[in-house]
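What follows is a short report on a single structure.
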Amino acid sequence: MRTGVIKGAPRSAFLALFCVAAFLCSSFSVEAAPLVPLSEQYRTLRTEHFKIHFPIEQAAIARRVARIAEEVHARLEPRFQSGAADTHIVLVFNSDLINAFATTYGMDRIILYMTGPEPDDFARYEDWTRQLIEHEYVHILTLRPYRGPVNIFFRLIVGLPPNLLTPDGLSEGYPVFEESRVHADGRSRGRLDDPQTLAIRDTLVLHDRLPSLEEAMTGTERWPYGAVPYLFGGRFVAYLRETCGHEAMDRFFLSYIPAFFPDWRMRSLECGSMEEAYDRFVDREHRQTLKRLAAFSEKGVSPKQRLTFDGGTKRYLRPGPESPVYFASPESRSSGLYSLDGLRSSLVYRSNAVNGFYLDGTTPVTSELRSDLPGSIYKNELHRQGKRLFDDEVRREAPSANRSGIIAYIRRLDPYVELVQLIPDRNPSYSFWGRTSPGKEKVLLRLPMSYGMYQPAVSQAGDIAVVIRRPDSTRHSLVICRDDVCEEALSAEAAIATPAFFDDASGTSILFASDIAGVFDIYSLSGKEVKRLTHSLTGFRSPLMTEGGLYVIGQAENGEEIFLVSEFFHDEVDGFDRVRRPFTPGLIDNDTLSDREYDPASGPEFAPDSEPYSAAVSFRPFLNGTLGGPLSYINAGLAGYDALSRHEMTAGVGLYDEDRSYGYASYAYRRLFPDITLSFAGMPLDRDSPEYCGHYRNRNAINYCLGDRRFSFQESELAIDMLFEFRLLRNRLTFFAGRTLLRNSSQLSTTRYAYDNIDLGTVGATYQVYYFESYSRSISPEKGFFFEIEGSHHPAGWTRGYPAADGSEPVRLTYERYAGRFELFLPFFFDYHVPVLAGSISYLNGKDYTIQSDRLSTELPGLNPDLSPYGRAVQVWRFEYRFPIWQRRSRLIPRNDWFSLPSIGVRSLSLAPFIATGQAYEDIVYPDLWVNTAGVTLDMQLYAFYQPFSAQLTYARGDGEAGEGRFSLGFSVGARPASSHAPLSRPSRHPEYHHPTYSNR
């Protein structure tokens, strides 16, 4: 194996200094939330290389996960040589989040959400559990190792495993390749060569929009958004393995060269330039696409009329009262249900995420994601016009109905999935939250969750069709339930999706989409006769037949669109099994599902080969890196958490200034709702503090301790935090109590105290409510608002001021502080242009409010803090206009044939000119004492070394005595275009400012 510094690469010392310098001007945080439902009783199953953490009632599934994990380890670890020997796997049930993730930060840990995706939403796969384990365990094997002095130095300084900085296209490309390996039948599973992946590639080739290398490595604002590093990263890794060799590519993550320089890593493996390889890869993708599309075109292509032009994602075409209705997340419009009238679409119901719907007259009945544990556990719940239909915690999705009121949907009760018919209650009762007795549920079909059950449809005669995917197979079946009897009408070793009934003069037929021919097209089933209706180049799905033609969802250059097809082929089709027979799930072994349901009375005997989950046993402390402290860049500390993230801690010391250190510690308990956090940061109180000087009674000693006046502090806090998510709004309520000791507080630039030395005790609460939207090219939150109020009380028993540093008795103080702020993100005529109106106010009250004054410069830029006005109250009003000036990726440094310089370029640039006015006052606002300021912020979304990178430059100048021109510059590494926008550009304080309540990715 060859590793080391290559020709033309910088020396190790430069590499180390570069890595440290990059992170000195960056921010990195790991936010955690409870991973599993709070009431779940978890147990742990140990194997040679894994610890499987699972709810006690899911023991059989945990055993199967353990067996698969050991099989995957035995196959992959000899190749990647990671040294992984103790990986935690957490199984999350009762959640409809289609996701999984892995991390090597602190511990090797994999989180598996056990609910699988719909058949037209991911790829062909045989076993979702195996698919997840293979993908996520490759992350562990590739991101875990680090070798060489530079990588070791980086790990100690930054606190991160160095391979975590591998570009997304490679870190995700490797797992996609491994999950898509060719099986014994010669066919690939997973996303690599799946019809959905190829259709996306073909669409982008047709419109000359294949992602650049930078987009494939770092993500992109263009469709298909966050899927680009997976799909094109995976295919690029497959190409590199073909051209460079599998053994060489297996060694990529063992290189001594930092992950910041993937091109140099490639060269050290004698694989040549990554940029040149990507150019050849793109050429091959073009050739393969043209060959594939030429084969499709030989049999003709269905003519189509494009009806929408707003891009993004679209799903679930349904008949409306007068025109089709569908769910959409367009590129620059609100997410929700849209009605299509000719070439015009209009929003009829706003919703963040819909998993199926139907219209009861004009009233939408939807399945929408709601969270009973925000940030982790999301469940599909039925809503009628935004109000919950059921007052329980059961997961229900994919509702469908006919005009006669027969309603069907999927109900998930892990480890089972059910097809349910709802018999409506003629006299429903209502609560504050909505209807509590919508009707009686009748179970038509019940299967273990290892089966997939999707997308029911109801005919006018009351027949219910549903798609079933069998376990350990790519076979999908179309099952029809009539009069409590379910028959398998159709099956194939291919995806079957989005069935819909259609009645005409010849009778009732079922339309559905299938990729049996290599691309999704629309088929019809009438009796036992199956015909192919459309020939598309890049796929049709979600058929809706009307008198005017067939409405379908297809792909265009900027995403999914609605098309109208009016001419049909009616081709005979081979490959479908059309023998009607009673649907029988087949034998279910104990590896798939336990042969008996969990009985709480049986306790641990239900899982005798496991042990109760112990947070103490799974807790892993680790070195946090010198950059990991809260106040400075030179620290030495530990952090740690347990496998379920119920307990988190940090502790350490840091260098505060040239000759003083500080200590910090925190502990978070997330086993209950709400979260409880304890934290401390501080230093020994300096020599002029009352506590220090009180030890001395001679004049010289007192004079000595007054001679060196430096600011010092100690701060401790208890916070109780609750996040509530409603259908659209997010709310956060935080109760806090703390104690802060300040010495020489006159050096503070934010607040002025009447006493140089003061002890502050605080109890209070903060409430936040917000809603805003964010799109793929947004430079700011859009079309929403943020509102926050805070109140705090300083009780006399905890709050004291020291008139002098001579040991005299302190003065007991008490007062209150109230504050509020808001931001309105206003709609505008142009896409991604955002006018913002904002304001803030603070007010001091109580017996001793005069001891504190807030400085205006804290809220109003362009003022010198030392000269800034201060007072009992401060209010500021601000107007800002944010607009993009450049939204196209462009390299700043051209390629060089003789020296491989890492890619550096611009993703987007935006400007935000602003004006603001404010006043600090005691009791009366004076018209002639307003202080005005004006300025501009330049946000730069960049990429460097295949890493997203953000910079912000702000200039502001205020008037009056304190006014002066002031610049500020900030940097952030890791601002992903798929998740955040301009992360440094706004001073708002709400904790999830960059996590919109709606996003179209």
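Going letter by letter, the sequence shown gives residues -32 to -1, 1 to 969 in mature numbering (1 follows the signal peptide of the UniProt record, and there is no 0). Using N, Cα and C, we set each Cβ at its ideal position, and we do this for glycine too. Note that the structure is a prediction, hence the values are computed from the model and not measured.
First through last residue of the alpha helix (DSSP H) which encompasses A583: 583 to 586
Assuming G752 contacts I819 (C-beta within less than 8 Å), just tell me the rounded distance between them. The pair is not a contact, with the Cβ atoms about 38 Å apart (cut-off 8 Å).
So what does DSSP say about R248, is it helix, strand or coil? helix
Skipping 5 residues on each side, what residues in its chain have a beta carbon closer than 6 Å to that of A787? E758, S810
One question on the structure: do Y738 and L697 come within less than 9 Å of each other, judged by their Cβ atoms? yes
Among F531, S445, R286, R364, which has the Cα closest to the Cα of S547? According to the sequence provided, residue 547 is Val. The question's Ser does not apply to it. Checked all of F531, S445, R286, R364; the closest Cα to V547 is S445.
Roughly how many angstroms lie between the CA atoms of S876 and V205, to the nearest whole one? 27 Å
I think R364 touches R379, with their Cβ atoms under 8 Å apart; what is that distance to the nearest whole Å? 5 Å
DSSP state of T922 mapped onto helix, strand, coil: strand
Between L606, R43, R32, N712, which has its C-alpha nearest I57's C-alpha? R32
Throw me the rounded Cβ distance for the L132 and T55 pair, which I believe falls under 8 Å. Cβ atoms of L132 and T55 stay farther apart than 8 Å, at about 16 Å.
Work out the CA separation of L518 and Y193 for me, nearest whole Å. 28 Å
Return yes when the Cβ of R414 is within less than 9 Å of the Cβ of V434, no when it is not. no
From the DSSP output, read off the bridge partner residues of A902. Paired residues: I883, R925.
Could you check if N725 is buried or exposed, using at least 16 other CB atoms within 10 Å of its CB as the buried criterion? Around the beta carbon of N725, a 10 Å sphere encloses 16 or more other beta carbons of the protein chains shown; the residue is thus reported as buried.
May I ask you to report which of helix, strand or coil DSSP gives G608? Residue state, collapsed to three classes: strand.
Can you say whether D542 is buried or exposed, counting buried as having 16 or more other CB atoms within 10 angstroms of its CB? exposed
Rounded C-beta distance between L124 and L591? I'm assuming under 8 Å. 7 Å
Just to check my reading of the structure: T186 and Y800 have Cβ atoms closer than 8 Å, yes? What is that Cβ distance to the nearest angstrom? Wrong, their Cβ atoms sit about 20 Å apart, outside the cutoff.
Quick check on V333: does DSSP put it in helix, strand or coil? strand
How is the alpha helix (DSSP H) around S139 delimited, first residue to last? 136 to 147
6 Å CB neighbourhood of T506 in its chain, flanking five on each side removed: A167, D170, T171, Q523
Going by C-alpha to C-alpha distance, which of V4, L3, R14 sits closest to V585? Ranking the options by Cα distance to V585, first place goes to R14.
Do T826 and T708 have their beta-carbon atoms positioned less than 9 Å apart in this structure? no
Beta-bridge partners of Y635, as assigned by DSSP: Bridge pairing for Y635: M617, L646 [DSSP].
Look at the alpha carbon of K267 and the alpha carbon of E515, and state the distance between them as a whole number of angstroms. 26 Å
Are the beta-carbon atoms belonging to A633 and D643 less than 9 Å from one another? no
Taking 9 Å as the cut-off, decide whether the C-beta atoms of G807 and V844 are in contact. yes
Specify, as a first and last residue, the run of the beta strand (DSSP E) that N119 falls within. No beta strand (DSSP E) contains N119, which is instead part of the alpha helix (DSSP H) from 117 to 126.
Name the two residues that bound the continuous beta strand (DSSP E) containing G420. 420 to 426
Using the C-alpha atoms, what's the distance from Q428 back to E140? 46 Å
Less than 9 Å between the beta carbons of W96 and P87, yes or no? no
Quick one: measure Cβ to Cβ for Y849 and P881, integer angstroms, because I've assumed they're closer than 8 Å. 6 Å
Supposed contact pair F796 and P803 - C-beta distance, whole angstroms, cut 8 Å: 6 Å
DSSP three-state call for D627: helix, strand or coil? Three-state DSSP puts D627 in coil, outside helix and strand.
Just to confirm, is the Cβ distance from S742 to E750 under 9 Å? yes
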